[in-house]
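Numbering (the working numbering), first residue to last: 8 to 459. Below is one structure, written out as structure tokens; comments come after it.
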Ligand code: SAM
Ligand code: SF4
Ligand code: F3S
């Protein structure tokens with residue numbers, strides 16, 4: 008076929024995304040970039056001309072899982088034309104050489120800071136079919152080039168990455184090695200992207216960063232400046248941000264929780280452990296007293312605020328007393344949502360050399376902790392019954408007739424029945440029942456909001 012006609016044909020790209028919201032944001036941006044070379048997103052994973060695995064390296068067996076996935080792609084395409092296979096994300100950054108060496112079915116590995124080069128790489132592979140490793144830390148270039156490409160995201164709740172990387176070096180964590188040093192995007196670029204998302208239908212913007220509250224651009228604009236600017240955007244209803252570090256909960260940011268009505272009253276503030284001894288050994292740079300002080304000031308400023316957190320259970324050196332303190336902290340703050348995992352030694356991090364805790368004991372502690380967290384969450388949900396909640400509706404459910412999915416101000420998933428299309432609207436809902444993951448309610452037929 009004529010080379011010109013061939014390059015004008017539409018192609019399909021499929022991305023399998025693992026890990027955090029930042030990977031989700033990146034996958035959407037890869038879709039935006041590759042449209043320029045006529046690759047269009049497909050949901051059919053066996054029909055792709057280009058297949059991308061966007062990986063996460065945060066916990067155990069990450070690299071093995073990638074090889075497992077590569078094996079699955081090989082099987083799925085056994086009797087078909089081989090797709091261009093690219094491994095992207097944090098495992099690509101950390102283990103790129105190994106992946107390419109071990110499996111020549113993989114055409115390229117590309118780190119999270121290099122997505123701006125993806126079209127060039129795909130074109131090179133189409134033409135020469137040689138393996139590529141692009142894993143430099145060029146965050147500035149990434150965002151400078153991405154800002155020139157319009158976003159096709161039209162979700163009611165949209166992610167917007169404002170910060171990348173981390174300089175904190177908690178001893179257990181791979182992020183400083185996979186995402187590189189802290190970098191904050193330019194304030195004006197962030198607001199332009201927010202404007203674009205709102206014009207395409209976003210009613211909630213979730214500001215993202217590995218340390219989102221460490222945001223500090225060249226002109227000393229802080230996260231609170233972004234929140235204050237977004238507060239003024241007419242069609243935007245809600246603002247959230249993840250993930251924060253306690254050390255960066257500055258006064259101006261705390262004040263925003265009082266002043267900005269669009270900033271949702273749920274703060275995800277990872278603590279990791281309830282023991283000062285363990286926090287110190289993790290190099291967390293905050294202690295329990297400081298953490299609780301932030302919680303209490305925020306509650307004073309905004310009595311409706313609630314908290315979510317991350318915990319690492321059975322970190323090396325965690326004794327029964329340390330674990331008890333973690334459970335006590337859970338009882339004290341009554342986090343309404345928690346993410347808890349057993350410590351996983353990550354290659355190359357300082358904690359990977361520390362003596363791990365007996366597996367059986369670690370699992371036992373995790374079960375105890377998760378049961379406690381579940382009890383607290385269920386008690387909280389019980390109190391919601393027969394009360395009203397403000398819900399922003401995101402989509403119609405695919406398999407259930409006239410059912411709409413949304414989230415309340417505390418990010419709880421809520422489902423209601425409606426004959427009318429309510430996508431993109433914030434409505435009052437009377438809470439009737441709940442399951443482990445979802446709240447069910449009825450729309451209140453009044454324009455006037457009832458007091459919750
Ligand atoms: N920057 C955030 C903070 O300071 O807490 C956390 C970002 S990290 C991507 C998300 C969560 O993964 C952490 O809060 C931690 O609980 C968990 N995590 C990171 N490394 C881990 C490890 N080696 N083992 C178990 N959990 C880990
Ligand atoms: Fe990882 Fe968060 Fe610690 Fe940074 S602050 S090293 S991202 S856990
Ligand atoms: Fe995973 Fe990388 Fe996010 S390690 S949690 S995808 S920053």
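Where a beta carbon is used, it is the ideal one built from N, C-alpha and C, also for glycine.
Asked                                                                                                                                                                                            : Found
Would you say residue 170 touches ligand 2, meaning its beta carbon is less than 6 angstroms from a heavy atom?                                                                                  : no
Would you tell me roughly how many angstroms separate the C-alpha atoms of residue 332 and residue 74, rounded to the nearest one?                                                               : 39 angstroms
Tell me, please, which residues DSSP counts as bridged to residue 413.                                                                                                                           : 400, 421
Residue 61 and residue 23 look like a contact to me (Cβ under 8 angstroms); what is the Cβ gap, rounded to whole Å?                                                                              : 7 angstroms
Helix, strand or coil for residue 247 per DSSP?                                                                                                                                                  : strand
Sorted by chain position, which residues of the same chain lie with C-beta nearer than 6 angstroms to residue 41's C-beta, five sequence neighbours on each side aside?                          : 20
Work out the CA separation of residue 138 and residue 111 for me, nearest whole Å.                                                                                                               : 8 angstroms
Spatial neighbours of residue 455 within its chain, please: C-beta separation below 8 angstroms, excluding the five flanking residues on both sides.                                             : With a pLDDT of 47 at residue 455, under the threshold of 50, the modelled position of this residue cannot be trusted; read the value that follows with caution. Cβ within range, chain order: n/a, list empty.
Checking the sheet assignment: what are the DSSP bridge partners for residue 275?                                                                                                                : 315
Quick one: using the 10 Å Cβ neighbour count with 16 as the cut-off for buried, is residue 211 buried or exposed?                                                                                : buried
Using a threshold of 7 angstroms, state whether the C-beta atoms of residue 122 and residue 273 are closer than that.                                                                            : no
To the nearest angstrom, how far is the alpha carbon of residue 345 from that of residue 16?                                                                                                     : 47 angstroms
For residue 347, list the residues DSSP reports as bridge partners.                                                                                                                              : 318
Quick one: Cα of residue 451 to Cα of residue 317, how far?                                                                                                                                      : 35 angstroms
Would you list the one or two residues that DSSP bridges to residue 165?                                                                                                                         : 212
Identify which residue in 101, 54, 52 has its Cα closest to the Cα of residue 69.                                                                                                                : 101
From the DSSP output, in three-state form, read off residue 235 for me.                                                                                                                          : helix
Which partner residues of residue 466 appear in the DSSP bridge assignment?                                                                                                                      : With the chain covering 8 to 459 only, the question about residue 466 has no answer from this structure.
With which residues is residue 96 paired in a DSSP beta bridge?                                                                                                                                  : 62
Can you tell me which residues form a DSSP beta bridge with residue 440?                                                                                                                         : 447
Does at least one heavy atom of ligand 3 sit under 6 angstroms from the Cβ of residue 186?                                                                                                       : yes
Three Cβ pairs or more, each shorter than 8 angstroms: is that satisfied between the stretch 388-398 and the stretch 423-438?                                                                    : yes
Kindly list the residues whose CB is nearer than 6 angstroms to the CB of residue 282, restricted to its own chain and excluding five residues on each side of it in sequence; keep chain order. : 329, 332
Could you spell out where the alpha helix (DSSP H) holding residue 386 opens and where it closes?                                                                                                : 366-389
Helix or strand or just coil, what does DSSP make of residue 150?                                                                                                                                : helix
Look up residue 139 in the DSSP assignment and give the residues it is bridged to.                                                                                                               : 115
For ligand 3, I want to know if residue 220 counts as a neighbour, meaning its beta carbon is within less than 6 angstroms of at least one of the ligand's heavy atoms.                          : no
Would DSSP call residue 304 helix, strand or coil?                                                                                                                                               : helix
Note the first and the last residue of the continuous alpha helix (DSSP H) segment covering residue 257.                                                                                         : No alpha helix (DSSP H) holds residue 257; DSSP gives it neither H nor E.
Mind the definition here: the stretch 91-100 touches the stretch 113-122 only if three or more C-beta pairs lie below 8 angstroms; say whether that holds.                                       : yes
Could you check what DSSP says for residue 363 in three-state terms: helix, strand or coil?                                                                                                      : coil
In terms of residues, what are the limits of the alpha helix (DSSP H) holding residue 72?                                                                                                        : 69-83
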